[in-house]
Amino acid sequence: MKFSDILASTIHDMKNSLSMVINTLDELTQEELHAHDPRFSTLQHESKRLNNNLIAMLSLYKMENEQLSANIAEVNVEDFLEEVVIDNRTLADTRSVTLEYACEEMLIGYFDEWLIRGVLNNLIGNGLRYTRSRILIRAETVDNYLVLRIEDDGSGFPQQMIDAQAAFNRNETLGEGQTQLGIYFAAMVARLHRNGEKTGYIELSNNEQLNGGCASIWLP
Amino acid sequence: MYLKNGPLEGKAYLVVDDFGDMRSLMRNLLMSCGVQDITPAANGTEAIGEMKRRRFDVVLCDYNLGPGKDGQQVLEEARHHNLIGLGAVFLMVTAENARDMVMGAVEYEPDSYLTKPFNKELLKTRLEKLIARKADLLPVEQALDRKDPAAAVALLDQKIAGKPANSSDLRRLKGEILLNMGETAAAREVYETVLAIRAIPWARLGLGKTFYLEKRYQEAMAVFQTLIDEQATYTSAYDWLAKCCKALDQLTEAQSALQTAAKLSPKAVRRQQWLGEIALQNQDQETAMAAFGKAVKHGRHSVYKHPSAYTNLAKVTAATQQGEQGLKLLREMKREFQQDPQADLYIATAESEIHEGMGNEEASRASLERAAEIYRGIDHLNDTGCALEMAKTYQRLGQEEKAVELMQNAACNNHTDDELLNEIKQTMRSVGVMPERLNTLDQLRREVAELNNRGVELARSGQLDEAIALLEKTAGRMPANRVINLNAALVLLLEAEQRTPTQEDCQKIDHYLQRVAAMDPDNPTLHKLQKRLSAMQDNTGVEA
Numbered sequence: 013m014k015f016s017d018i019l020a021s022t023i024h025d026m027k028n029s030l031s032m033v034i035n036t037l038d039e040l041t042q043e044e045l046h047a048h049d050p051r052f053s054t055l056q057h058e059s060k061r062l063n064n065n066l067i068a069m070l071s072l073y074k075m076e077n078e079q080l081s082a083n084i085a086e087v088n089v090e091d092f093l094e095e096v097v098i099d100n101r102t103l104a105d106t107r108s109v110t111l112e113y114a115c116e117e118m119l120i121g122y123f124d125e126w127l128i129r130g131v132l133n134n135l136i137g138n139g140l141r142y143t144r145s146r147i148l149i150r151a152e153t154v155d156n157y158l159v160l161r162i163e164d165d166g167s168g169f170p171q172q173m174i175d176a177q178a179a180f181n182r183n184e185t186l187g188e189g190q191t192q193l194g195i196y197f198a199a200m201v202a203r204l205h206r207n208g209e210k211t212g213y214i215e216l217s218n219n220e221q222l223n224g225g226c227a228s229i230w231l232p
Numbered sequence: 032m033y034l035k036n037g038p039l040e041g042k043a044y045l046v047v048d049d050f051g052d053m054r055s056l057m058r059n060l061l062m063s064c065g066v067q068d069i070t071p072a073a074n075g076t077e078a079i080g081e082m083k084r085r086r087f088d089v090v091l092c093d094y095n096l097g098p099g100k101d102g103q104q105v106l107e108e109a110r111h112h113n114l115i116g117l118g119a120v121f122l123m124v125t126a127e128n129a130r131d132m133v134m135g136a137v138e139y140e141p142d143s144y145l146t147k148p149f150n151k152e153l154l155k156t157r158l159e160k161l162i163a164r165k166a167d168l169l170p171v172e173q174a175l176d177r178k179d180p181a182a183a184v185a186l187l188d189q190k191i192a193g194k195p196a197n198s199s200d201l202r203r204l205k206g207e208i209l210l211n212m213g214e215t216a217a218a219r220e221v222y223e224t225v226l227a228i229r230a231i232p233w234a235r236l237g238l239g240k241t242f243y244l245e246k247r248y249q250e251a252m253a254v255f256q257t258l259i260d261e262q263a264t265y266t267s268a269y270d271w272l273a274k275c276c277k278a279l280d281q282l283t284e285a286q287s288a289l290q291t292a293a294k295l296s297p298k299a300v301r302r303q304q305w306l307g308e309i310a311l312q313n314q315d316q317e318t319a320m321a322a323f324g325k326a327v328k329h330g331r332h333s334v335y336k337h338p339s340a341y342t343n344l345a346k347v348t349a350a351t352q353q354g355e356q357g358l359k360l361l362r363e364m365k366r367e368f369q370q371d372p373q374a375d376l377y378i379a380t381a382e383s384e385i386h387e388g389m390g391n392e393e394a395s396r397a398s399l400e401r402a403a404e405i406y407r408g409i410d411h412l413n414d415t416g417c418a419l420e421m422a423k424t425y426q427r428l429g430q431e432e433k434a435v436e437l438m439q440n441a442a443c444n445n446h447t448d449d450e451l452l453n454e455i456k457q458t459m460r461s462v463g464v465m466p467e468r469l470n471t472l473d474q475l476r477r478e479v480a481e482l483n484n485r486g487v488e489l490a491r492s493g494q495l496d497e498a499i500a501l502l503e504k505t506a507g508r509m510p511a512n513r514v515i516n517l518n519a520a521l522v523l524l525l526e527a528e529q530r531t532p533t534q535e536d537c538q539k540i541d542h543y544l545q546r547v548a549a550m551d552p553d554n555p556t557l558h559k560l561q562k563r564l565s566a567m568q569d570n571t572g573v574e575a
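Top to bottom, those sequences are chains A and B. The opening residue of the first sequence carries number 13 in the numbering used here; numbering runs sequentially from there. The opening residue of the second sequence carries number 32 in the numbering used here; numbering runs sequentially from there.
Okay, here's the thing in structure tokens:
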């Protein structure tokens, strides 16, 4: 057994424990006694981040071992985004961030729901750290691509990350300093999505609708 | 009404999880959504027990249930035995990526997967949508329940015409119903419409199935191959590719397709059994042993647990290792299949073959005699699997005449079933029956088909008495032949409808229909004839 296999099965085990922690925390936060205690918000936020990162790591492990391919299915994008927002809303509320989505009506997407959900959770988790007051998820069709954008009204991506984004899409080394697991994972997942000759990719930019950072996932 | 009930309320819920904490957490979540009727179950066996006791509207089942059945096996058993209605929601709760399960599923998929952890709002939204979707499909499901697929298709067409957001789901259902009806051309149109917009795996699979059912195997193979190129982890594509290869007698290719699928999802019990059987036909003992081993291991708690996986494992073990080893496996197996005559037959035939291989001629003969006796006792079940097993053993022990006779009976009783006939031939060839002898099966099939056709033609030209005489005589010779028995019932009905039928007429017709009902309760022609018989009885006031 390789070390990476042990790592993967341990991550799996950690995820189960973490599930219990998150569920219990959610229950506790429902109680009036704790509802306004900011420490709970920190606990929730950090455990969610842990969970999202574990999912990303497990998926990346599987991708490297070629055990993972995208399970492309039709997805009702509005229903999907509604669930993603609900999933993250409690957390956003406790941090006084408005989390919303905007989507064309009856928009149908073709992607791996589970993987993209993981990517969005991760990007929202990051966004919650850097935003001032809002996070917006937008979905639209551009040039036969489904584009999912996660925008915030924080100070935006640093210029060197925007400059380095081509490298993410080529699966090259991460930028200096912070390991941007969320972005790296998003790029890897986007690349698993193919339609005919087209391949998915990500795009980082600043000052879109909310004047902060904006990560876009382009899915063919 | 002052208070409007939410869509989640007033329904019966079953919560299946092996962790007490998780069960109470789920219970709390559901109760806070206004749900009151919640039954917990701590493992798969308990869950099945509860479902046998009463009907549930919603089943929330964790995939990982510790030792015993897993969530997929609970779903398979529940759907297989109709323990939950088509209108019930089955939600699979998973700790991580559901993909491995989705892709590995052979027959049944849950309505939705929910990944842990999830909060109350997410659970509520998901359940509301699923319940609404089921409610929307209720009339379609009712039509299917009353065996009226044409009405179900018409209802779906009405819905699709309104261009709803879930039109893709509706098309998928419509395609499946049409395939079950044998309306391959109409089904193909559905799948091609979907594929014109986007390469969707289920539509590609459906398209391939339409060709397969029309016996256009080369075209079907090309479609399944395309699907594999598009989505290499879609296991059903390999299953169907293997079916095509088998129909074209390309057994090596069939085996390699199944091996790929089995590697992707090793827990699919039926696929492992099938792989083992094909490997045996290919004389590939090593692959067969591994596949039957997995079928036994993963099938212990499955509704697809089958004695043949055990006896095949024992036989291969005996052949490649030691005879004693194989006999030991059979003794262990006896504990798992008690009071099961079919399993007893498989055990007796396997014992006979293993003893023969070990040179214990007397023991071998004794086991064979016991097998023959058990077989006489279950002959009325018309289990072709048992017949084939018995025939294989006769052949291996040098009693070719008896083997061929059994095969001829099976061929006569199922003269329209190409897949089965092909299976019989491939199996018998692999145990050394000469091809010339197998050709007599085709000859027999043609004779039965001719008798049947002559009966139908006589009826068409108005010679009902002659048709009845011929078909009743043929049905007497082949009591397990569905087509002949149905046609005998049909000509008797035609004749009786022309005059005032007697109670005796009705009983006679019912007798032939009962024979088919015992073997093939879902046969669509059977249902049509049963309806026609009861209509005639209603009109004339005769009771059967």
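Virtual Cβ for every residue (Gly too), placed ideally from N, Cα, C. Note that the structure is a prediction, hence the values are computed from the model and not measured.
(message) Using 8 Å as the cut-off, can you tell me whether the segment 148-160 of chain A makes contact with the segment 225-235 of chain B, which would need three or more C-beta pairs spanning the two stretches below that distance?
(response) Between the segment 148-160 of chain A and the segment 225-235 of chain B, the count of Cβ pairs shorter than 8 Å is below three; the stretches do not touch.
(request) Report the option in 125(B), 392(B), 87(B) and 360(B) whose CA atom is closest to the CA atom of residue 41(B). (result) In terms of CA proximity to residue 41(B), 87(B) leads the group 125(B), 392(B), 87(B) and 360(B).
(message) Please classify residue 25(A) as buried or exposed, where buried requires at least 16 neighbouring CB atoms within 10 angstroms.
(response) exposed
(request) Return the bridge partner residues of residue 75(A) from the DSSP annotation. (result) Within the DSSP bridge table, the entry for residue 75(A) names no partner.
(request) Could you name the residues of the same chain whose beta carbon sits closer than 7 Å to that of residue 141(B), not counting the 5 residues immediately before and after it, in chain order? (result) 106, 121, 122 and 123
(message) For the beta strand (DSSP E) containing residue 182(B), name the first residue and the last one.
(response) First-last for residue 182(B): 180-192, but that is the alpha helix (DSSP H), not the beta strand (DSSP E).
(message) For the segment 154-167 of chain B, list every residue whose C-beta sits within 9 Å of some C-beta in chain A, in sequence order.
(response) 155, 156, 157 and 160
(message) Any contact between the segment 318-325 of chain B and the segment 452-469 of chain B? By contact I mean 3 or more CB pairs, one from each, below 8 Å.
(response) no
(message) Tell me the rounded alpha-carbon separation between residue 174(A) and residue 48(B).
(response) 46 Å
(request) May I have a chain-ordered list of the alpha helix (DSSP H) segments no shorter than 4 residues that lie completely inside the segment 462-513 of chain B? (result) 466-491 and 495-508
(request) Identify, in the order they occur along the chain, each residue of the same chain with its Cβ nearer than 7 Å to the Cβ of residue 53(A), setting aside the five sequence neighbours on each side. (result) 106 and 107
(request) Going by CA-CA distance only, name the one from 218(A), 204(A) and 232(A) that's closest to residue 76(A). (result) The option with the nearest alpha carbon to residue 76(A) is 204(A).
(request) Determine the burial state of residue 189(A): buried for a count of at least 16 other Cβ atoms within 10 Å of its Cβ, exposed for fewer. (result) Only weak support is given to the placement of residue 189(A): the predicted model assigns it a pLDDT of 46, under 50, and the question is left unresolved by the model.
(message) If you reduce the DSSP assignment to three classes, tell me which class residue 427(B) lands in.
(response) Correct three-state label for residue 427(B): helix.
(request) Compute the distance between the beta-carbons of residue 198(A) and residue 229(A), then report whether it is under 8 Å. (result) yes
(message) Check for me: the beta strand (DSSP E) holding residue 109(A) runs from which residue to which?
(response) No beta strand (DSSP E) contains residue 109(A), which DSSP labels as neither H nor E.
(message) I'd like the span of the beta strand (DSSP E) that includes residue 228(A), first residue to last.
(response) Counting along the chain, the beta strand (DSSP E) containing residue 228(A) begins and ends at 225-231.
(message) Measuring only the C-alpha atoms, how far is residue 29(A) from residue 147(A)?
(response) A direct Cα-to-Cα measurement between residue 29(A) and residue 147(A) gives close to 29 Å.
(request) Below 6 Å CB to CB, which residues in the same chain sit around residue 133(A) once its five sequence neighbours on both sides are set aside? (result) 64
(message) Measuring only the C-alpha atoms, how far is residue 14(A) from residue 74(A)?
(response) 14 Å
(request) Could you name the residues of chain A that residue 211(B) contacts, counting a contact when the two beta carbons are closer than 9 Å? (result) Ordered by position in chain A, no residue passes the 9 Å Cβ test against residue 211(B), which lies about 22 Å from the chain.
(request) Please report how far the alpha carbon of residue 399(B) lies from the alpha carbon of residue 359(B), in whole angstroms. (result) 18 Å
(request) Let me know if residue 387(B) comes out buried or exposed under the rule of 16 or more other beta-carbons within 10 Å of its beta-carbon. (result) Counting Cβ neighbours within 10 Å, residue 387(B) comes out buried, since at least 16 surround it.
(request) For residue 375(B), name the three-state secondary structure that DSSP assigns. (result) helix
(request) Compile a chain-ordered list of the residues in the segment 292-310 of chain B whose CB is closer than 8 Å to at least one CB of chain A. (result) Answer in chain order: no residues at all.
(request) Look at the alpha carbon of residue 459(B) and the alpha carbon of residue 413(B), and state the distance between them as a whole number of angstroms. (result) 19 Å
(message) What residue range does the beta strand (DSSP E) around residue 71(B) cover?
(response) 68-72
(message) I need the straight-line Cα distance from residue 193(B) to residue 160(B), nearest angstrom please.
(response) 19 Å
(message) Is the separation between the beta-carbon of residue 453(B) and that of residue 278(B) shorter than 8 Å?
(response) yes
(request) Only counting runs of 3 or more residues, tell me where the beta strand (DSSP E) segments fall wholly within the segment 309-375 of chain B, in order along the chain. (result) none
(request) For residue 150(B), return the contacting residues in chain A, with the cut-off set at a CB-CB distance below 9 Å. (result) 34, 35, 38, 98, 99, 101 and 102
(message) Determine whether the beta carbon atoms of residue 337(B) and residue 304(B) lie at a separation below 8 Å.
(response) Residue 304(B) sits close to residue 337(B), with the two beta carbons spaced by under 8 Å.
(message) List, in chain order, every chain B residue whose beta-carbon is nearer than 7 Å to that of residue 91(A).
(response) 160
(request) Decide if residue 383(B) is buried, meaning its Cβ has at least 16 other Cβ atoms within 10 Å, or exposed. (result) Buried, by the Cβ-count rule.
(message) If distances are taken between C-alpha atoms only, which option among 464(B), 442(B), 126(B) and 513(B) comes closest to residue 477(B)?
(response) 442(B)
(message) Distance check for residue 164(A) and residue 144(A), CA to CA, integer angstroms please.
(response) 8 Å
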